[in-house]
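Read in order, the letters of the sequence shown correspond to residues 3 to 117 in the numbering used here. Glycine is no exception: its CB is placed at the ideal position from the N, C-alpha and C atoms. Note that the structure is a prediction, hence the values are computed from the model and not measured. Here's the structure, in structure tokens; my notes come after.
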Amino acid sequence: MNILAAQLAAHQGVTGTLLVAVGVVIVALLIAAVWWGLRRQDRAPRPPRPEEQPRRPRSGREARERREPADVPRDGPRLTPHQLPGFGNQGTRRARDQAEPPPRRDNGDGAGPSA
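Below, the structure written as structure tokens:
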């Protein structure tokens with residue numbers, strides 16, 4: 003019976019040592035993660051200063067202009083995005099007619115024009 007007790011005691015000692023070693027490894031990983039995060043945060047760009055913030059136009063209100071999409075070729079076979087100019091990321095251009103569009107006739111609920 004003493005041999006069985008000695009084997010169990012030795013086994014429990016190894017288990018305890020293994021648990022302490024795993025705990026030390028986990029703590030070391032957490033410390034390394036915090037250190038790495040702080041280093042990464044130090045390299046991040048600083049927030050803009052007040053003089054670097056965007057300013058309102060001198061008129062005091064937003065500038066509005068009408069934009070129209072760039073034309074997609076209508077002749078020939080259907081084109082995939084990588085065949086289009088700009089690889090499908092074609093921007094918009096300033097519209098020739100800058101007149102205000104006609105007012106919308108809806109009540110703003112998203113259900114379309116009201117009768």
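- The beta carbons of E67 and A97 sit closer together than 9 Å.
- Contact annotation, E70 with R95: C-beta distance approximately 6 Å; criterion of less than 8 Å satisfied.
- In this structure, the beta-carbon distance from A72 to G93 falls below 9 Å.
- Secondary structure of R41 (DSSP, three-state): helix.
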